[in-house]
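In the UniProt record's numbering, the protein residues as written are 1 to 89.
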């Protein structure tokens, strides 16, 4: 699976300015997302996914998506603060 994913990623055209901008933004905020994601994993499970009673694979996918989105939004908002590079990376 790793070889297939690697070959798929190699075929992406990275010269597109829009694609490069998205990757650059994700790269810039990735450390802050990494640091803040644990806070949202527990909240997402406890208050959103567990009460729904979904199957395990769907729960994992939903927790992953919601945690990543919440972490990204938090770090994006924090990035507008002065001297934010010192606490979000």
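Every residue gets a Cβ at the ideal spot worked out from N, C-alpha and C, and that includes glycine.
Quick caveat: nothing in here was measured; it's all calculated off a predicted structure.
So is residue 75 buried or exposed if we call it buried at 16+ other beta carbons inside 10 Å? Answer is buried; the Cβ neighbour count reaches 16.
Alpha helix (DSSP H) containing residue 62: first to last residue? DSSP places residue 62 inside the alpha helix (DSSP H), whose first and last residues are 56 to 78.
For the alpha helix (DSSP H) holding residue 33, just list the boundary residues, first then last. Residue range 17 to 44 is occupied by the alpha helix (DSSP H) that includes residue 33.
Is residue 7 helix, strand or coil by DSSP? DSSP places residue 7 in helix when its eight states are reduced to three.
DSSP three-state assignment for residue 86, whether helix, strand or coil: Of the three classes helix, strand and coil, the one that applies to residue 86 here is helix, per DSSP.
Sequence-distant residues of the same chain with beta carbon closer than 8 Å to residue 54, five excluded per side: Cβ contact annotation for residue 54 (same chain, cutoff 8 Å, sequence separation greater than five): 62, in chain order.
Euclidean distance between Cα positions of residue 43 and residue 6: Put simply, the backbone Cα of residue 43 is about 33 Å away from that of residue 6.
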